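Residue numbers (my numbering): 1 to 111.
Everything below concerns the one structure shown next.
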């Protein structure tokens, strides 16, 4: 995890991995939770990586009912946080037996 703190140099300082302590994590049980069934796209806005999340929604007001893709949120990350997300997510998926590299090798693509 990369953290920017005012007054602290952003350049990595030579130190052992154990001596670089992260700030404490404060868990907020009231933080919003977003459920997404898909990822609409990515954008790089001046170094800020933006992920647009979507969810399939059924409109029963129409006959016959139809399914629409609705944007439900956007996640904006610094480039360092985006890289950490990719590395962490890949590691987690590998541990769960859902290898991203095997999926890509078998022809999976982003739609």
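Just so it is clear, CB atoms sit at the ideal spot from N, CA and C, and this is done for glycine as well.
Note that the coordinates shown come from a computational prediction; the quantities given were computed from them, not determined experimentally.
Run of the alpha helix (DSSP H) containing residue i, from where it starts to where it stops
| i | result |
| --- | --- |
| residue 84 | 79 to 95 |
Coarse secondary structure for residue i, derived from DSSP in three states
| i | result |
| --- | --- |
| residue 99 | coil |
| residue 1 | Below a pLDDT of 50, predicted positions are generally treated as unreliable, and residue 1, at 47, falls in that range; no measurement from the model is reported. |
Residue i versus residue j - alpha carbon distance
| i | j | result |
| --- | --- | --- |
| residue 35 | residue 41 | 16 Å |
| residue 97 | residue 108 | 16 Å |
| residue 62 | residue 37 | 22 Å |
| residue 29 | residue 68 | 30 Å |
| residue 101 | residue 95 | 13 Å |
| residue 57 | residue 20 | 45 Å |
| residue 82 | residue 88 | 10 Å |
| residue 44 | residue 79 | 9 Å |
| residue 39 | residue 65 | 23 Å |
| residue 31 | residue 47 | 25 Å |
Any non-hydrogen atom of the ligand ZN within 7 Å of residue i CB
| i | result |
| --- | --- |
| residue 41 | No copy of the ligand ZN occurs in the structure displayed, which carries no ligand at all. |
Those residues which DSSP pairs with residue i across a bridge
| i | result |
| --- | --- |
| residue 52 | 41 and 74 |
So does the region 66 to 84 actually touch the region 48 to 57, counting three or more Cβ pairs closer than 8 Å? Using a Cβ-Cβ distance cut-off of 8 Å, the region 66 to 84 and the region 48 to 57 are in contact, since at least three pairs of beta carbons, one from each stretch, lie closer than that value.
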